[in-house]
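J.: What follows is a single structure, and I will ask about it in a moment.
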Amino acid sequence: MRSKITRQTFSLLFLAIFFTNLCKVFLTCDTNDHAVAQLSGDYIIGGIFPFHEGVSTLLSRRFSDDFECSGLQLRSVIEALSMIYTIENINNSTLLPGIKLGYEIYDSCSDGLKATQETLKLISNSVIMNSSEYCNNTVLITNTKAVIGEIYSELSIITSRILSLHLIPQISPASSAITLLDSLRFPSLLCTVPNDKYQTEAIVSLIRRYEWNWVGILVTDDDYGRSALSSLDFLFKKYGICTAFSKTIPAFVDHPSVGNTLKEIIGELINSSTNTVIVFVKSPIVRKLFERAIPLNISKTWIASDIWAYSKEVASIPNIKKIGTIIGLNFLSETVPGFAHYLQHLKPSENGSTNGFLTKYKELRFGCTEDYRKYKTCMKSFSDNCLTDESLLLKSPRACHDNVTNVYMENDDFLLQNIEWSTVYSTTLAVTATAQAIRNIVCKHDTCDKDNAFTHKTLLEEIKRGNYSFYDKTFYFEPSGDVLTGYDIICWNTTNNTVQFQVIGQYYIHGQKLTIEENYISWNTENNTVPFSNCSKACDPGTYKKHSDITCCYDCVPCGEGYYAPTSDMSQCLKCKSNQWSSNGSAECKNRTKEYFHWKNPLAITLMIFSGTGFLLVSVIGFLFLKYIDTPAVKAAGSNYTHILNIALLVNLADTALFIGEPIDIICQIRQPLYGISFTVIVSCILIKSLRIILAFESGRRHEKVMAYAFKPLVIILFLTCIQLAICLLWLLLKSPFASSIDTIPQLLIQQCDEGSNLVFGIMLGYIGLLAFICFLLAYKGRKLPQKYNEARFITFSMLVYMFVWIFFIPIYMNNVNSTYLSAIQIIAILASNYGVIGCHLLPVCYIILFKSETNNREWYLQGIHDFFKARRSTFFPSQRISNIHGLEAEAKYKGTSVQIRRRHRSC
């Protein structure tokens, strides 16, 4: 704690102890004349108010207590009168029967040194001499039971340091600095208004209501301003509001550096882009600031703190409307019944009271001076060069009037016109709480003991825990020492060059509720619209905010392709749905055009013509094979198994139709497996044909029975097909093909079949390729066998066609995965493979049947066998029987010897 006590604190404590004990010794020292107003009584309530704007002789005074004050403040005059009015009403009531409350009111002149001096006088004047009490200041008893004041937070801190020494209750009717909440530093200080923590919350709620985030701050360089600035900084960070600039101004208007500071602030106001400024500054300084800003056409939205929200001094500035819109906050209040009438009928002091400040006010208001006479004469001449002093602005039109015989008896509505009910009301509450607390201590059963010498500590504790009433209102002090009510929101509306303080709303601390009647606000903008006060303008739809180092400042960046921003000021763009698209800087997404290999596509039509032609051709060939099934040419081609081959070709050609049109899941799951199984059957039949010829002509007699038993064509075809069927079933079970949409191309939604598991798809194609390669090897091995039986060249060529087609298909397929023509590529590959089989296996047989009928007989085929064995210089016995090669029985004579080739294999 010691480290927190400043030099000033030690000095003030030392002065307090010094002056207190000094006045105890010099009892003849009468300083009551320094009180600006006083009334004797059984219990004294002290008062300290800033009746003047400052001390004009602060540095030039000859003696330490020679303070000369200047600039009468009507606000303090009215507040002091409300204190006197309340005490007089209490004395005239039955609240404290038999007890008279007195008062002693002092003028701090808005200066810390003067406030210190007046506080010491307030205590010294009230000491009851009793030597037994000197050794224990905690039970020091004085007639001054409590002190009302100060108004300014900085001065309340100074006076509280002294009053807290004896725990004398101090109730401020207007001080609201957050630092005053520290009960360790200010144990006897209470306030009848909320502290600035709640005022700053109300201001931030107002800022958030209008969505401002770029705000300037002006505060005084004292506890009032610094604590408000600290609270605003915290709340700004919490709610994402940024400070455009922050400036501190000396707390006193006569400070030497005020001029230079105001010059810097004017420059900041001109250069800053903000249109909203929060001002926690005293009225005299605000007046000086506005008087400099108005000629420069500086127009902003000003948020006034309680200290100047109702300032008539500022409102009286010429052309004040040009400064912009002023919205202020002041404490929630009520009118004090009878006080307005009291101000209109002020009388000279009576009943032993004195009132120096009222006397001075009457003289300033109604007194006639030579300067005022000259001013009136100048004004009557309609001159524009009439020099005026601020004191002349207080003059009544009745001043220097012949009918005015006693200025102290004159009254008008001037004070009523300058009243600020908030501080009047809070001053009344402070006096009421003190009086009711005294009653709770000294009165029992409507009987009061005015000789009860209760201590300050007793009264302080009673004030803190009591519940008080003022007419139909009740109030109490929070543990923090303040009264939580709320704030009126005031707008300065100008009519006929006269400012009207219009209450436009309220802020309630409990519930943190802000209500505003927008119709009562007169914005100083075109069309009376809410002014813009943000670091950056709102980003238009189609753009998003890209923040800079200052969170409130950002650049507007267009949304990228495929993204959109439907509203303004978005922090990020939204991604379009998969079936929609957008260009750069779009505010909305457009539906994509569905794109797939359509039936109306010219290429699709062409491919279907080829597929239909192939289907028709295979059908005709199948019919032709049925008609000539018993001929050697058909038997040599495979007999009954050619029908299986033809059916598989028809299925394969028909399957191409499934690759055209809008894909659906069931189509996607059928088309590839159907192709894979049907083409496996085709290749298996070709494999059987190649294998049969090799076995018939290349195997020796010792293998004849084994080959006849092992070579089962139908079983082989079924076995090879079942393997492919198992692969396809595994494919469908693991990850089957499905209809998908590809959105990689703007504006288009390419619909095609996703093959699901590309691995299993590759295995399916690879299996067919393996069978084709085996056929190729067998065909190549049998290339020297009898040509009439042997189709090795055709099989070799057809398998090469298949393998080349699908070898080229793979890279083309991979490069066109996201293309509409992916299905066309697959159809072309399928048609090429099918036409390769048709051209190499079926058409040569048809050619023999239709155009080489003379060779389609048994003798011609036997001659081919004869030539084959002759070429190989056969060592078979001449009389051997050649029997049933591909279903033929023949006999051949070779060198007179009959060679018989027994049936080795059954035909296909």
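Note that the sequence shown covers residues -27 to -1, 1 to 881 in mature numbering (1 follows the signal peptide of the UniProt record, and there is no 0).
Ideal Cβ positions, reconstructed from N, Cα and C, are used throughout, including at glycine.
Closer than 8 Å is the cut-off here; do at least three beta carbon pairs connect the region 382 to 395 with the region 49 to 69?
T.: Because the criterion of three Cβ pairs below 8 Å is met, the region 382 to 395 and the region 49 to 69 touch.
J.: How big is the Cα-Cα spacing for F598 and N613?
T.: Reading the sequence shown from its first residue, position 625 is the one you call residue 598. Reading the sequence shown from its first residue, position 640 is the one you call residue 613. So the two alpha carbons sit approximately 9 Å from each other.
J.: Whole angstroms is fine: what's the gap from A406's alpha carbon to M382's?
T.: For the purposes of this step, residue 406 is taken as the residue at position 433 of the sequence shown. For the purposes of this step, residue 382 is taken as the residue at position 409 of the sequence shown. Those two C-alpha atoms are separated by around 32 Å.
J.: May I have the straight-line CA-CA distance separating N168 from I482, to the nearest angstrom?
T.: Residue numbering aside, residue 168 sits at position 195 when the sequence shown is read from its first letter. Residue numbering aside, residue 482 sits at position 509 when the sequence shown is read from its first letter. Using only the alpha carbons, I get a separation of about 11 Å.
J.: Can you pull the DSSP bridge partners for N466?
T.: Looking up residue 466 in the sequence shown gives position 493. DSSP, once it has assigned bridges, lists Q473 as partnering N466.
J.: Report the residue ranges of all beta strand (DSSP E) runs contained in full by the region 527 to 613; include only those spanning at least 3 residues, in chain order.
T.: Runs of the beta strand (DSSP E) inside the region 527 to 613: 527 to 531 and 566 to 568.
J.: Please classify C94 as buried or exposed, where buried requires at least 16 other C-beta atoms within 10 Å of its C-beta.
T.: For the purposes of this step, residue 94 is taken as the residue at position 121 of the sequence shown. A small fix is needed here, since residue 94 is Lys in this sequence, not Cys. Buried, by the Cβ-count rule.
J.: E434 lies in the alpha helix (DSSP H); which residues open and close that run?
T.: What you label residue 434 is simply residue 461 of the sequence shown in a count that begins at 1. Run containing E434: H429 to R438, per the alpha helix (DSSP H) assignment.
J.: DSSP three-state call for A88: helix, strand or coil?
T.: Residue 88 sits at position 115 when you count from the first residue of the sequence shown. Correct three-state label for A88: helix.
J.: Round the Cβ separation of I78 and A119 to the nearest angstrom and send it over; I've been treating them as touching at under 8 Å.
T.: For the purposes of this step, residue 78 is taken as the residue at position 105 of the sequence shown. For the purposes of this step, residue 119 is taken as the residue at position 146 of the sequence shown. That belief does not hold up - the Cβ atoms of I78 and A119 are roughly 13 Å apart, past 8 Å.
J.: Just how far apart, CA to CA, sit S592 and C819?
T.: The residue you call residue 592 lines up with position 619 of the sequence shown. The residue you call residue 819 lines up with position 846 of the sequence shown. The alpha-carbon atoms of S592 and C819 are separated by roughly 12 Å.
J.: Threshold first: 4 residues or longer. Then list the alpha helix (DSSP H) segments lying entirely within the region 350 to 402, N to C.
T.: For the region 350 to 402, whole alpha helix (DSSP H) runs of length 4 or above, ordered along the chain, are 387 to 390.
J.: Applying the criterion that 16 or more other CB atoms from any shown protein chain within 10 Å of the CB defines a buried residue, is S126 buried or exposed?
T.: Residue numbering aside, residue 126 sits at position 153 when the sequence shown is read from its first letter. Classification for S126: buried.
J.: Distance check for E568 and Y524, CA to CA, integer angstroms please.
T.: As a position in the sequence shown, residue 524 is number 551, starting the count at 1. As a position in the sequence shown, residue 568 is number 595, starting the count at 1. For clarity, residue 524 is Thr in the given sequence; the question names Tyr instead. About 44 Å.
J.: Give the DSSP-derived three-state secondary structure of C641 in the structure shown.
T.: As a first step, residue 641 must be located in the sequence shown, where it is residue number 668. Helix at C641.
J.: What do you reckon, are the CB atoms on C421 and P142 nearer than 8 Å?
T.: The count along the sequence shown starts at 1 and reaches residue 421 at position 448. The count along the sequence shown starts at 1 and reaches residue 142 at position 169. Against a cut-off of 8 Å, the Cβ pair of P142 and C421 comes out as no contact.
J.: Can you tell me whether A699 is buried or exposed? The criterion is at least 16 other CB atoms within 10 Å of its CB, across all chains shown.
T.: Against the sequence shown, residue 699 aligns to sequence position 726. Exposed, by the Cβ-count rule.
J.: Helix, strand or coil: how does DSSP classify F339 here?
T.: In the sequence shown, the residue the question calls residue 339 occupies position 366. F339: helix per DSSP, three-state reduction.
J.: Go ahead and label L804 buried or exposed: buried means 16 or more other beta carbons lie within 10 angstroms of its beta carbon, across all protein chains shown.
T.: Translated into positions along the sequence shown, residue 804 becomes position 831. Looking at its Cβ environment, which holds 16 or more other Cβ atoms inside 10 Å, L804 is buried.
J.: Quick one: Cα of F(-18) to Cα of L153, how far?
T.: Here the question's residue -18 lines up with position 10 in the sequence shown. Here the question's residue 153 lines up with position 180 in the sequence shown. Here F(-18) scores only 42 on pLDDT, less than 50, and its place in the model should not be relied on; the value that follows carries that caveat. Looking at the two C-alpha atoms, the distance is approximately 18 Å.
J.: Mapping the DSSP letters down to three states, classify C215 as helix, strand or coil.
T.: Counting from one through the sequence shown, the residue named residue 215 turns up at place 242. DSSP places C215 in strand when its eight states are reduced to three.
J.: From G484 to L305, what distance separates their C-alpha atoms?
T.: If you number the sequence shown from 1, residue 484 lands on position 511. If you number the sequence shown from 1, residue 305 lands on position 332. So the two alpha carbons sit approximately 15 Å from each other.
J.: Take the Cβ of E491 as the centre, count every other Cβ of all protein chains shown within 10 Å, and call the residue buried at 16 or more, exposed below.
T.: Counted from its first residue, the sequence shown places residue 491 at position 518. Answer is exposed; the Cβ neighbour count stays below 16.
J.: Here's the rule: buried if 16 or more other CB atoms are within 10 angstroms of the residue's CB, otherwise exposed. What is P229?
T.: Within the sequence shown, numbered from 1, the residue matching residue 229 stands at position 256. So P229 ends up on the exposed side.
J.: Tell me whether R182 is buried or exposed, calling it buried when 16 or more other Cβ atoms sit within 10 Å of its Cβ.
T.: Position 209 of the sequence shown holds residue 182. Label assigned to R182: exposed.
J.: If distances are taken between C-alpha atoms only, which option among I300, H314, A372 and K349 comes closest to Y334?
T.: To locate residue 334, count along the sequence shown from 1; it is residue 361. For the residues I300, H314, A372 and K349, the minimum Cα distance to Y334 belongs to A372.
J.: May I ask you to verify whether the region 154 to 164 touches the region 462 to 475, counting CB pairs closer than 8 Å and requiring at least 3?
T.: They do not touch, by the three-pair rule.
J.: Is the distance from the Cβ of D15 to the Cβ of K430 below 8 Å?
T.: Along the sequence shown, one-based indexing puts residue 15 at 42. Along the sequence shown, one-based indexing puts residue 430 at 457. No; because the gap between Cβ atoms is not below 8 Å, this pair is not in contact.
J.: Tell me the rounded alpha-carbon separation between G297 and S83.
T.: Numbered from 1 along the sequence shown, position 324 holds the residue referred to as residue 297. Numbered from 1 along the sequence shown, position 110 holds the residue referred to as residue 83. Distance between the alpha carbons of G297 and S83: 29 Å.
J.: I need the straight-line Cα distance from L(-6) to T117, nearest angstrom please.
T.: Locating residue -6 in the sequence shown gives position 22, where the first residue counts as 1. Locating residue 117 in the sequence shown gives position 144, where the first residue counts as 1. Below a pLDDT of 50, predicted positions are generally treated as unreliable, and L(-6), at 43, falls in that range; the measurement from the model is reported next regardless. Computed Cα separation, rounded: 18 Å.
J.: Would the region 185 to 197 and the region 213 to 222 be scored as touching if the rule is three or more Cβ pairs under 8 Å?
T.: Yes: the two stretches touch, three or more of their Cβ pairs being nearer than 8 Å.
J.: Comparing alpha-carbon positions, which option in S326, T327, S369 and G325 lies nearest A346?
T.: Position 373 of the sequence shown holds residue 346. Note that residue 346 is Arg in the sequence shown here, rather than Ala. Residue S369 is the option with its Cα nearest to R346.
J.: Is the beta carbon of A175 sitting closer than 8 Å to the one on Y76?
T.: Reading the sequence shown from its first residue, position 202 is the one you call residue 175. Reading the sequence shown from its first residue, position 103 is the one you call residue 76. No.
J.: Would you list the residues sitting across from C421 in a DSSP beta bridge?
T.: Along the sequence shown, one-based indexing puts residue 421 at 448. Per DSSP, C416.
J.: Would you check if the region 578 to 591 and the region 551 to 568 touch, i.e. whether three or more CB-CB distances between them fall below 8 Å?
T.: Counting Cβ pairs under 8 Å, fewer than three are found: no touch.
J.: DSSP three-state label for T59, please.
T.: Working through the sequence shown from its first residue, we reach residue 59 at position 86. Three-state result, T59: helix.
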